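K.L.:
Shown below is the structure under consideration.
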Amino acid sequence: MNKIFAGFLILSFNVSADGVSDLNTFANNISSMSSEFSQVVLDKKGLKLQDVQGVMLFKRPNKFRWDYLKPYQNQIISDGERLYMYDQDLRQVSINPIAKVAGSTPLLIIAGKNVEKYFILKNIDDQNYTEANQNIKWVEATPKEEGAGFSKVILGLSDNKLSVMKIVDAFEHTTTISFKNAKYNISLTDNDFLFKLPDGVDVVQSGAIPDPTNSSSNIKNKTKNVDVK
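Using this note's numbering, read the sequence shown as starting at 679 and increasing by one per residue.
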């Protein structure tokens with residue numbers, strides 16, 4: 679899987695007013711969301727490494743779906759119990775229990791309910807960020823877990839809604855995800871978060887093997903399984 683986007687998934691926090699207050703309001707008042715997104719990755723010198731677009735969904739608690747549509751098609755899906763990361767080019771999916779990766783997945787800062795368990799939060803000024811706007815309040819979330827794969831996540835909120843999300847990794851690469859045409863508190867079902875395993879893909883999984891009777895994880899007789907302990 680493309681490591682640029684593969685490592686950016688869960689969070690928690692601790693902090694003061696304004697942006698943090700808006701983030702808590704977002705977490706308490708928004709139960710579901712759909713949005714288009716653009717994702718740009720820059721290295722520490724500002725060189726563009728990636729520019730992709732897609733669509734996302736989330737439903738609390740802990741269900742989310744990110745479909746990368748162009749220039750390539752990959753998926754990151756959580757059904758609330760397992761996290762699926764599918765790389766179409768490699769024909770490979772990795773599967774992890776959500777409980778195991780909760781402290782290392784920025785996406786759960788959006789869809790999770792207990793973010794403070796995993797992250798430290800603080801308000802920051804927007805003067806160092808290109809999206810600087812008087813209507814946007816900024817929050818920095820630092821993972822409590824060592825080896826999370828990223829050093830911090832910066833969230834920009836406008837009117838108690840998420841506008842932009844930045845992930846800074848250990849190599850000082852910055853992933854900026856901008857949201858547009860967002861809809862909130864929409865009707866979503868658990869079926870919207872089922873991972874449909876394509877035929878013939880390799881499966882790398884950690885922890886308990888998914889229930890083969892579950893349509894979202896029916897991997898027996900369709901794939902080669904590689905267990906990772």
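All residues carry an ideal CB built from backbone N, CA and C; glycine is no exception.
All of these numbers come straight from a predicted model, not from anything done at the bench.
Quick one: is residue 790 buried, meaning 16 or more other Cβ sit within 10 Å of its Cβ, or exposed?
P.N.:
Buried, by the Cβ-count rule.
K.L.:
Between the region 812 to 823 and the region 833 to 841, can you find at least three pairs of beta-carbon atoms closer than 8 Å?
P.N.:
Verdict: yes, contact present.
K.L.:
Less than 7 Å between C-beta atoms, sequence neighbours within five positions excluded: which residues of the same chain meet that for residue 697?
P.N.:
Excluding residues within five positions, the ones whose Cβ falls inside 7 Å are 801, 815, 816, 817 and 835.
K.L.:
State buried or exposed for residue 743, treating a residue as buried only when at least 16 other CB atoms are found within 10 Å of its CB.
P.N.:
Flag for residue 743 reads buried.
K.L.:
Would you report the Cα separation of residue 877 and residue 768, rounded to the nearest angstrom?
P.N.:
Using only the alpha carbons, I get a separation of about 13 Å.
K.L.:
Might you give, ordered along the chain, the residues of its own chain that have their beta carbon closer than 6 Å to the beta carbon of residue 805, omitting 5 neighbours on each side?
P.N.:
The pLDDT assigned to residue 805 is 47, lower than 50, so where the model puts this residue is not dependable; a value taken from the coordinates is nonetheless given after this. None.
K.L.:
The alpha helix (DSSP H) spanning residue 697 covers which residue range?
P.N.:
Per DSSP, residue 697 belongs to the alpha helix (DSSP H) from 697 to 707.
K.L.:
Give the secondary structure of residue 869 by DSSP, where H, G and I count as helix, E and B as strand, and everything else as coil.
P.N.:
If DSSP states are grouped into helix, strand and coil, residue 869 belongs with the helices.
K.L.:
Which same chain residues, not among the five before or five after residue 717, have their C-beta less than 6 Å away from its C-beta?
P.N.:
Same-chain partners within the cutoff: 730 and 855.
K.L.:
Could you check which residue in 829, 776 and 740 has the C-alpha nearest to that of residue 799?
P.N.:
Closest by alpha carbon: 829.
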